[in-house]
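Worksheet: the structure to be examined is printed underneath.
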Amino acid sequence: TLRSALDPEHRGAARLNVVYQPVYDLDSRALTSFEALARLRDDEGAGITPDRFIPVAEDTGLISELGERVLDDALGTLVRWRTANPLDSDSGVPVTIAVNLSARQAQHVDMAAVVSAALGRHRMAPADLILELTESVLLESGSSMLRQLGELRELGVGIAIDDFGTGFASLRYLATLPVSAVKIDRSFTATMTSDETSSSIVRAIINLARDLELGCVVEGIETPDQLDALPSFVQGQGYLLGRPAEVPSNTWIS
Ligand code: G
Ligand code: G
Ligand code: MN
Ligand code: NA
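In UniProt numbering, the protein residues as written are 588 to 841.
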């Protein structure tokens, strides 16, 4: 199915879609970025979740192609967004686009070259793009991955650690890796208002990110209580603020 979905000649219904979820500055409620999330439909039109097809893409070597398709779609979407919403871009900080990267992807190809080429095709600047990597990716990574990340950061692309708090050795990595932001895993957000340990962890990560001058996104905000419990200087993402959609929109009008 994955192979068919990526094949432009394929006649069936199988296809790769990308949906976009907004991220907001909690203080100004301004839209700061969209996260691109890959979706797959099989020939019967049924949805297959990334948790199932990303591992298959990695094992079959299709991950590089999939990753480039998502990156291209994401940058194209950002260009269209900015054209349609010039005021968003003019009002201070322009809206950026965040794309998830898997470990294998970064191991297999020269990421800096792939990313530069994609940015060039869409006439976007490196600062317009954020690459999201999970902690586990960073843990598995050897020196070649470190070099790749260094090159990307050198280029000016943002690097965010996704699902932060669920991996290991996170603090050590924050000190040594060329990282620009952390995204607090939604498992902490979900229990933050009912469990003291979770709320302590969220607060500690937020303070750490601030001290290290890193961006901080709190993921998975689903309720007003969770929103109220967060300091306004962080960024937020979650169903309360905006759901992933094929045509991105700035939905948080509250
Ligand atoms: O969107 P959803 O919750 O179903 O995503 C599940 C997981 O799949 C998340 O960890 C997300 O980061 C990952 N994911 C979504 N889209 C992509 C993609 O384009 N590339 C990679 N490598 N991972 C993705
Ligand atoms: O691991 P990563 O952060 O990339 O995963 C992103 C996934 O999280 C997306 O598939 C998205 O659909 C999902 N997601 C985004 N916001 C929420 C939320 O508020 N609640 C839940 N349960 N999932 C969310
Ligand atoms: Mn992510
Ligand atoms: Na995450």
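Ideal placement from N, C-alpha and C gives every residue a C-beta, glycine not left out.
Whether residue i touches residue j by CB criterion (9 Å)
i           : j           : result
residue 719 : residue 747 : yes
residue 788 : residue 752 : yes
residue 713 : residue 743 : yes
residue 589 : residue 653 : yes
residue 683 : residue 665 : yes
residue 761 : residue 801 : yes
residue 809 : residue 825 : yes
residue 732 : residue 699 : no
residue 601 : residue 646 : no
residue 651 : residue 701 : yes
residue 823 : residue 610 : yes
residue 791 : residue 821 : no
Cβ-heavy atom distance, residue i to ligand 1, below 8 Å
i           : result
residue 674 : no
residue 714 : no
residue 689 : yes
residue 831 : yes
Local conformation of residue i per DSSP, three classes
i           : result
residue 830 : coil
residue 633 : coil
residue 609 : strand
residue 771 : strand
residue 625 : strand
residue 657 : helix
residue 737 : helix
residue 823 : strand
Residue i CB to nearest heavy atom of ligand 2 below 8 Å
i           : result
residue 887 : Residue coverage of the chain in this structure runs from 588 to 841, which leaves residue 887 outside it and unanswerable.
residue 784 : no
residue 639 : no
Given residue i as reference, the closest of the options once Cα atoms are compared
i           : options            : result
residue 804 : 820, 689, 770, 608 : 770
residue 729 : 774, 797, 694, 670 : 694
residue 592 : 617, 627, 612      : 627
residue 711 : 735, 724, 669      : 669
residue 625 : 783, 819, 607, 786 : 607
residue 622 : 704, 644, 807      : 807
residue 595 : 656, 686, 735      : 656
Could you please go through the chain and list the residues whose beta-carbon is closer than 5 Å to any non-hydrogen atom of ligand 3? 687, 719, 749
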